[in-house]
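A quick write-up on the structure given underneath.
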Amino acid sequence: EKGGYKHFMAKEIAEQPVVLADALRHYLTTDGLNLPSELDFSNISRLTLVACGTAFYACSVAKYWFESLARLPVEIDVASEFRYREPPLPTDSYAIFVSQSGETADTLAALRYCDEKVAKTIAVVNVPTSSIARESDIALPILAGVEVGVASTKAFTCQLLVLATLALKAARDRGHMSEAELAKHMETLRLLPGLLTRALDLDEALNIVSNDLSEARDVLFLGRGAMYPLALEGALKLKEISYIHAEGYASGELKHGPIALIDSHTPVIVFAPHDALFDKTVSNMQEVMARGGKVLLVSDRKGLDVASEGVWQTVQMPEVPDLFAPILYAVPAQLIAYHTAVAKGTDVDQPRNLAKSVTVE
Ligand code: F6R
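One gets full-length UniProt numbering by counting positions in the sequence shown from 1 and adding 243 to each.
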């Protein structure tokens, strides 16, 4: 049932081009976006996105999309904090709950808190029969198929895709995107399965660097903009399955404290596609190298051409339009964690202390 793979996690990472293509076929049709007609962002004053763990990082990426594309203010929070804060919620707002299992206790409690307070509750779920799907006003399936590995992989990329289509819809509804621009973004999204396949070809290269990473006691991940949540996701994946201490930081925050951690034993993984923020991230990376830090730079050809000097290892990703780069960069984040854990010999699919579905608070 692992289809020739050693672990479910490896199988589920490899399945991403196929499941993402399924989700794309569902949400993007020749007529435009296929979303329920009662979803209308035109008169919404705010969005609240709530989830736990990896699903929360998907929300964190989506915040960049909703704000930049649709000019819609977005609040994000982890469910276990949100539900106890008694947050005031505008009646003209939507609340979105992202959950692979649809049974996460804190996320479900957050949904119940929002019910009747907001104009609509929307669930982005993998299990359509789940409590979160049933109790929300609108449930949008991510169509990732059954995810067995405890570490979430294909669910994350499919969550991102559904959130991206919602952000495009919001941008259209609110008059911030022309029909032609929407068509262009849809074309870009349709490139993703092919690009993911190419990113998966980096498996062997990432396997080799992961042997070194498996010796580390601490690993740092850096990213800027929508790559910052990817840094957090990379760190979460690594710590949960390899038990190596890892932290993700916004590149620009490094000098406000974490740079004190840098030494030659602490690998620093930098996610930096050659986008508008590239130079800023590279200057943070150089600060790391100036303090003896060894950097693994994950970028594209353009980025590596200008910034590889002095870097410990490079990984060359396919080029991808900036906006949807986080969907592609999920692959190296997952593969680094996977191969490091395999090199350490930990139980990848069933990491200690963790459960697939967290139905207690
Ligand atoms: C990390 C992971 C967890 C889940 C979190 C939420 O790899 O799998 O952080 O993302 O427990 O679970 P769901 O999405 O089922 O609500």
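For every residue, glycine included, the Cβ atom is placed at its ideal position computed from N, Cα and C. Nothing here was measured: the structure is a model prediction, and the numbers come from that model.
Quiz item: Using the C-alpha atoms, what's the distance from residue 542 back to residue 559?
Solution: Sequence index remark: in the sequence shown, residue 559 carries index 316 (1-based). Sequence index remark: in the sequence shown, residue 542 carries index 299 (1-based). So the alpha carbons of these two residues sit roughly 6 Å apart.
Quiz item: Below 8 Å between beta carbons: does that hold for residue 473 and residue 576?
Solution: For the purposes of this step, residue 473 is taken as residue 230 along the sequence shown, with counting starting at 1. For the purposes of this step, residue 576 is taken as residue 333 along the sequence shown, with counting starting at 1. Cβ distance < 8 Å, so residue 473 and residue 576 count as in contact.
Quiz item: Can you tell which of 535, 534, 463, 524 has its C-alpha closest to the C-alpha of residue 547?
Solution: Numbered from 1 along the sequence shown, position 304 holds the residue referred to as residue 547. Comparing Cα positions, the closest option is 524.
Quiz prompt | Extent of the continuous alpha helix (DSSP H) run through residue 549 | solution = Your numbering for residue 549 matches position 306 in the sequence shown. Run containing residue 549: 544-550, per the alpha helix (DSSP H) assignment.
Practice problem: Provide the residue(s) that pair with residue 541 in DSSP beta bridges, ordered along the chain. | Solution: As a position in the sequence shown, residue 541 is number 298, starting the count at 1. According to DSSP, which records beta bridges pairwise, residue 541 is partnered with 514, 558.
Quiz item: Is it the case that the Cβ atoms of residue 385 and residue 361 are separated by a distance below 8 Å?
Solution: On the sequence shown, position 142 is the one that residue 385 refers to. On the sequence shown, position 118 is the one that residue 361 refers to. Not a contact, by the Cβ cut-off of 8 Å.
Quiz item: Regarding residue 393 and ligand 1, is the C-beta to nearest heavy atom distance less than 7 Å?
Solution: Here the question's residue 393 lines up with position 150 in the sequence shown. The answer is yes for residue 393.
Quiz item: Less than 7 Å between the CB of residue 479 and some heavy atom of ligand 1, yes or no?
Solution: Locating residue 479 in the sequence shown gives position 236, where the first residue counts as 1. True, at least one ligand heavy atom lies under 7 Å from that Cβ.
Quiz item: So is residue 246 buried or exposed if we call it buried at 16+ other beta carbons inside 10 Å?
Solution: Position 3 of the sequence shown, counted from the start, is the residue given in the question as residue 246. Around the CB of residue 246, fewer than 16 other CB atoms lie within 10 Å, so the residue is classed as exposed.
Quiz item: Would you say residue 487 and residue 452 are within 8 Å of each other, going by their C-beta atoms?
Solution: Locating residue 487 in the sequence shown gives position 244, counting from the first residue. Locating residue 452 in the sequence shown gives position 209, counting from the first residue. No, these two residues do not count as a Cβ contact at 8 Å.
Quiz item: What's the C-alpha gap between residue 414 and residue 304?
Solution: As a working note, residue 414 is residue 171 in the sequence shown. As a working note, residue 304 is residue 61 in the sequence shown. Cα to Cα, the separation comes out at about 16 Å.
Exercise. Starting from residue 492, follow the beta strand (DSSP E) in both directions and report where the run begins and ends.
Key: Residue 492 sits at position 249 when you count from the first residue of the sequence shown. Element bounds for residue 492: 488-493.
Self-check item: Coil, strand or helix - residue 506 by DSSP
Solution: The sequence position of residue 506 within the sequence shown is 263, counting from 1. DSSP places residue 506 in coil when its eight states are reduced to three.
Quiz item: Rounded C-beta distance between residue 477 and residue 512? I'm assuming under 8 Å.
Solution: Within the sequence shown, residue 477 is the residue found at index 234, counting from 1. Within the sequence shown, residue 512 is the residue found at index 269, counting from 1. Residue 477 to residue 512, Cβ: 6 Å. Contact.
Quiz prompt | Cross-strand partners of residue 256 (DSSP beta bridge) | solution = Position 13 of the sequence shown, counted from the start, is the residue given in the question as residue 256. Paired residue(s): none; residue 256 is not in a bridge.
Quiz prompt | Counted within 10 angstroms of its Cβ, other Cβ atoms place residue 227 as buried (16 or more) or exposed | solution = The chain is shown from 244 up to 604; residue 227 falls before or after that span and cannot be answered.
Quiz item: Smallest Cα separation from residue 517: which of 312, 562, 531, 443?
Solution: Here the question's residue 517 lines up with position 274 in the sequence shown. For the residues 312, 562, 531, 443, the minimum Cα distance to residue 517 belongs to 562.
Quiz prompt | Burial state of residue 260 (16 or more Cβ within 10 Å) | solution = As a first step, residue 260 is located in the sequence shown; it is residue number 17 there, counting from the start. Around the C-beta of residue 260, 16 or more other C-beta atoms lie within 10 Å, and the residue is accordingly described as buried.
Quiz item: Whose C-beta lies closer than 8 Å to the C-beta of residue 467 among residues of the same chain, with five residues either side of it excluded?
Solution: The residue labelled residue 467 in the question sits at position 224 within the sequence shown. Taken in chain order, the residues that qualify are 493, 494, 495, 515, 520, 523, 524, 527.
Quiz item: Is there contact between the region 312-321 and the region 378-394, where contact requires at least three CB pairs shorter than 8 Å?
Solution: no
Quiz item: What span of residues does the beta strand (DSSP E) with residue 389 cover, start to end?
Solution: Looking up residue 389 in the sequence shown gives position 146. Looking at the DSSP string, residue 389 is not in any beta strand (DSSP E), and its letter there is neither H nor E.
Self-check item: Unbroken stretches of the alpha helix (DSSP H), 4 residues or longer, contained in the UniProt domain "SIS" (280-419)
Solution: 296-313, 322-325, 348-357, 374-378, 397-416
Quiz item: Short check: CB of residue 569 to CB of residue 429, under 8 Å?
Solution: Counting from one through the sequence shown, the residue named residue 569 turns up at place 326. Counting from one through the sequence shown, the residue named residue 429 turns up at place 186. The answer is no: Cβ separation not under 8 Å.
Quiz item: Can you tell me whether DSSP reads residue 642 as helix, strand or coil?
Solution: Any question about residue 642 goes unanswered here, given that the chain covers just 244 to 604.
Quiz item: Among 330, 374, 302, which residue has its Cα nearest to the Cα of residue 351?
Solution: Looking up residue 351 in the sequence shown gives position 108. The shortest Cα separation from residue 351 among 330, 374, 302 belongs to 374.
Quiz prompt | Length of the line joining the Cα atoms of residue 586 and residue 258 | solution = To locate residue 586, count along the sequence shown from 1; it is residue 343. To locate residue 258, count along the sequence shown from 1; it is residue 15. Cα to Cα, residue 586 sits roughly 22 Å from residue 258.
Practice problem: Check whether the Cβ of residue 379 lies closer than 7 Å to any heavy atom of ligand 1, and answer yes or no. | Solution: By one-based count along the sequence shown, residue 379 stands at place 136. Checking the Cβ of residue 379 against ligand 1 gives no.
Quiz prompt | Beta-carbon proximity of residue 484 to residue 580, cut-off 8 Å | solution = Stepping through the sequence shown from its first residue, residue 484 is reached at position 241. Stepping through the sequence shown from its first residue, residue 580 is reached at position 337. Yes.
Practice problem: Could you give the DSSP three-state label for residue 583: helix, strand or coil? | Solution: By one-based count along the sequence shown, residue 583 stands at place 340. Three-state DSSP puts residue 583 in a helix.
Quiz item: Going by the C-beta, is residue 297 closer than 7 Å to any heavy atom of ligand 1?
Solution: By 1-based counting over the sequence shown, the position of residue 297 is 54. Because some heavy atom of ligand 1 lies under 7 Å away, the Cβ of residue 297 counts as near it: yes.
Quiz item: Residue range of the beta strand (DSSP E) that residue 479 falls in?
Solution: What you label residue 479 is simply residue 236 of the sequence shown in a count that begins at 1. Here residue 479 belongs to no beta strand (DSSP E); instead the alpha helix (DSSP H) covers 470-485.
Quiz item: Does DSSP put residue 520 in a helix, in a strand, or in coil?
Solution: Start at 1 with the first residue of the sequence shown, and residue 520 comes out as number 277. In the structure shown, residue 520 sits in coil (DSSP, three-state: anything other than H, G, I, E or B).
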